[in-house]
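Numbering (full-length UniProt numbering), first residue to last: 1 to 536.
We put the beta carbon where it would ideally sit given N, CA and C, even for glycine.
Every value quoted in this text rests on a predicted model; they were computed, and no experiment measured them.
A short write-up of the structure that comes next.
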Amino acid sequence: MALLGHCLRQVWGVEVLGGCRSVHQFPRMGAAGQAVREDVEGGRRGTSRGCPAQEVRGAPLVKSLEDMPGPSTLTNLLEFFWRDGFSRIHEIQQKHVCEYGHIFKSHFGPQFVVSIADRDMVAQILRAEREAPQRANMESWEEYRDLRGRSTGLISAEGKKWLSMRSVLRQKILKPKDVAIYSEGINNVVTDLMKRIYTLRSKEQDGETVTNVNDLYFKYSMEAVATILYECRLGCLDDDVPKQTLEYIEALELMFSMFKTTMYAGAIPKWLRPLIPKPWREFCRSWDGLFKFSQIHVDHRLKEIESSLNSGEDVQGGLLTSLLLSKELTMEEIYANTTEMLLAGVDTTSFTLSWATYLLAWNPEIQQAVYAEIAQNLGKDVTPVAEDVPKMPLVRAVLKETLRLFPVLPGNGRVTQDDLVVGGYFIPKGTQLALCHYSTSYEEDYFSAAEEFRPERWIRQGKLDRVDNFGSIPFGYGIRSCIGRRVAELEIHLALIQLLQKFELKVSPKTQAVSPKTHGLLCPAGKINVRFVDRE
Numbered sequence: 001m002a003l004l005g006h007c008l009r010q011v012w013g014v015e016v017l018g019g020c021r022s023v024h025q026f027p028r029m030g031a032a033g034q035a036v037r038e039d040v041e042g043g044r045r046g047t048s049r050g051c052p053a054q055e056v057r058g059a060p061l062v063k064s065l066e067d068m069p070g071p072s073t074l075t076n077l078l079e080f081f082w083r084d085g086f087s088r089i090h091e092i093q094q095k096h097v098c099e100y101g102h103i104f105k106s107h108f109g110p111q112f113v114v115s116i117a118d119r120d121m122v123a124q125i126l127r128a129e130r131e132a133p134q135r136a137n138m139e140s141w142e143e144y145r146d147l148r149g150r151s152t153g154l155i156s157a158e159g160k161k162w163l164s165m166r167s168v169l170r171q172k173i174l175k176p177k178d179v180a181i182y183s184e185g186i187n188n189v190v191t192d193l194m195k196r197i198y199t200l201r202s203k204e205q206d207g208e209t210v211t212n213v214n215d216l217y218f219k220y221s222m223e224a225v226a227t228i229l230y231e232c233r234l235g236c237l238d239d240d241v242p243k244q245t246l247e248y249i250e251a252l253e254l255m256f257s258m259f260k261t262t263m264y265a266g267a268i269p270k271w272l273r274p275l276i277p278k279p280w281r282e283f284c285r286s287w288d289g290l291f292k293f294s295q296i297h298v299d300h301r302l303k304e305i306e307s308s309l310n311s312g313e314d315v316q317g318g319l320l321t322s323l324l325l326s327k328e329l330t331m332e333e334i335y336a337n338t339t340e341m342l343l344a345g346v347d348t349t350s351f352t353l354s355w356a357t358y359l360l361a362w363n364p365e366i367q368q369a370v371y372a373e374i375a376q377n378l379g380k381d382v383t384p385v386a387e388d389v390p391k392m393p394l395v396r397a398v399l400k401e402t403l404r405l406f407p408v409l410p411g412n413g414r415v416t417q418d419d420l421v422v423g424g425y426f427i428p429k430g431t432q433l434a435l436c437h438y439s440t441s442y443e444e445d446y447f448s449a450a451e452e453f454r455p456e457r458w459i460r461q462g463k464l465d466r467v468d469n470f471g472s473i474p475f476g477y478g479i480r481s482c483i484g485r486r487v488a489e490l491e492i493h494l495a496l497i498q499l500l501q502k503f504e505l506k507v508s509p510k511t512q513a514v515s516p517k518t519h520g521l522l523c524p525a526g527k528i529n530v531r532f533v534d535r536e
């Protein structure tokens, strides 16, 4: 998968050297064991043969990967396989920061990774990227697609193919103004979410508690994403969920439940797969289910369009209709992109809404301030649309602060496209990097009282006020940032506003403290149970 998630600390501040193009492989520093460094006095790049630890003419020391600290292979094996480290990747990030620093190396089976948990180093790397940044190893995704003859989508594609697909998709969902047209469809789903809350809480003795809100928000998220991607309703929030939808939910749950076994498979040579076939077989089965579901709904919309055209009718629609009519993507590329975007969008939104509900229930003063902002702008009964959200900075700050404390992706992966010098270390082209966002989100140097829920930290006090960016970038940065960011934000903002218009979120005897765990994504380790109390 995109990230194994380790990281750490070193107090260095060397500029990224993006111009180095010579071929290097770990552990060599250069074609002749040379350490690349900057000639400070002359402003030109020079080399020092033989001794990587030697300074040249007062220049900053540039060390090799051999000098970089990090856990041993045995330590990693024990941590992940014996101590269930796959469910604690976020904790291991912080542990390694304390032990090794903000930059360190590690081996995971055949994979070598340099992990970085420093805001400024992360900024250096992301700002130095080319027009088509390369994500970390996703061999299992690529192998499945080759096996089944499937196309890659925006998540799994690389290079020119990724750039081409992004240029097509970005026209419809990348900017806030592009997604504003989806407000009505999302609000229809929010209406069903409210009905479902009334139904669920009526089954509890106190008539107010909803148990396991993540299950509720999972269904909301899936319904909302599908409304945009497939231009249809799935019935996720109905009392009787359609069989086809239940089958997809099962495939999706299987995909995420297999995170650990997928990690195991990534660390085991392919020649051993016949001896332990189950993980790979189930991995393929879950992808089969996801692709099947998308293909059914894409084909259904295509038939509707063809029927309208044959009848001489004008065809109106959203993202999918545009893709099918423009024919800028092949049908296989459309299947792949709708599959991957639904997979990426559902749990991302549901986990974030769950954590936001949890945090607001435990922080009633903050919740009241957010409600006051909503009431001032909309009152209690006006349904919000996309254009209303910018008027409510505290609502937006709640989302940002929730994602700082509980980033859905605790880290991100990249493969260096040039030789770089980062944190005082020479990192050759082709090296896998793990950018440890969970750790940077909790750094006191970047966020005061980092353990506390303080949405107000994200509100600018004046035009010159700077709110930190690279310490918390849950949607990524630059051209390879999350293309569905604006859709996810709109789904969360519209749901959160209407939840607070109708309910006070309160803790109940069933509300327990919940910690995060890593399950592919960062998710609640237990059920989040909250009281939804009618506002007077």
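Candidates the options, of which the one nearest residue i by Cα
i, options, result
"A157", "P133, L325 and L394", "P133"
"H297", "Q244, G430, K105 and V530", "Q244"
"L216", "D192, E231, C232 and Y230", "D192"
"S508", "V114, E204, S167 and L61", "E204"
"K517", "L405, R460 and E313", "L405"
"L320", "Q501, A128 and Q171", "Q171"
"S311", "K270, N377 and K303", "K303"
"A397", "M138, I497 and G159", "I497"
"G484", "Y248, L126, L169 and I92", "L169"
"I125", "T73, G478 and P279", "G478"
"R88", "K527, H519 and K270", "H519"
"G411", "F218, L78, I92 and S294", "I92"
"P390", "L309, A434, E444 and R486", "R486"
"D118", "Y446, T75, R460 and G149", "Y446"
"I366", "V382, Q432 and E456", "E456"
"I186", "G153, V395, T349 and K380", "T349"
"D299", "D146, T338 and K270", "T338"
Residue i vs residue j beta-carbon contact at 7 angstroms
i, j, result
"A450", "Y442", "yes"
"V533", "E208", "yes"
"D419", "P407", "no"
"L494", "P384", "yes"
"V422", "M121", "yes"
"S167", "F426", "no"
"G413", "R130", "no"
"L521", "L342", "no"
"L254", "A361", "no"
"A369", "T402", "no"
"residue 562", "I492", "Only positions 1 to 536 of the chain appear in this structure, which leaves residue 562 out of reach."
"L500", "I374", "yes"
"I528", "V213", "yes"
DSSP beta-bridge partners of residue i
i, result
"Y425", "K63 and V422"
"C523", "K517"
"F532", "L505"
"L435", "I116 and N412"
"K105", "V114"
"V385", "Partner(s): none; V385 has no beta bridge."
"Q134", "V415"
Residue i Cβ short of 6 angstroms to the ligand GDP heavy atom set
i, result
"H300", "The ligand content of the structure shown is nil, which means the ligand GDP is not present either."
Close Cβ partners of residue i (< 6 angstroms) along its chain, the five nearest in sequence each way excluded
i, result
"A251", "S286, G289 and L290"
"A226", "L234"
"K400", "W458"
"F351", "V408 and C523"
"M194", "none"
"G70", "Y100, F104, K105 and S106"
Residue i in three-state terms, based on DSSP
i, result
"I473", "coil"
"K506", "strand"
"A157", "coil"
"K400", "helix"
"T357", "helix"
"T330", "coil"
"V179", "helix"
"T199", "helix"
"T209", "strand"
"Q417", "coil"
"C98", "helix"
"C232", "coil"
"P274", "helix"
"T321", "helix"
Same chain, Cβ closer than 7 angstroms to residue i, neighbours up to 5 away in sequence not counted
i, result
"A386", "P176, V179, A180, S183 and L490"
"A525", "V514, S515, P516 and K517"
"K292", "none"
"V189", "Y220, E223, A224 and T227"
"E332", "R150 and S151"
Cβ neighbours of residue i in the same chain (closer than 8 angstroms, five flanking residues each side left out)
i, result
"R301", "Y230, E231, C232, G317, L320, T321 and L324"
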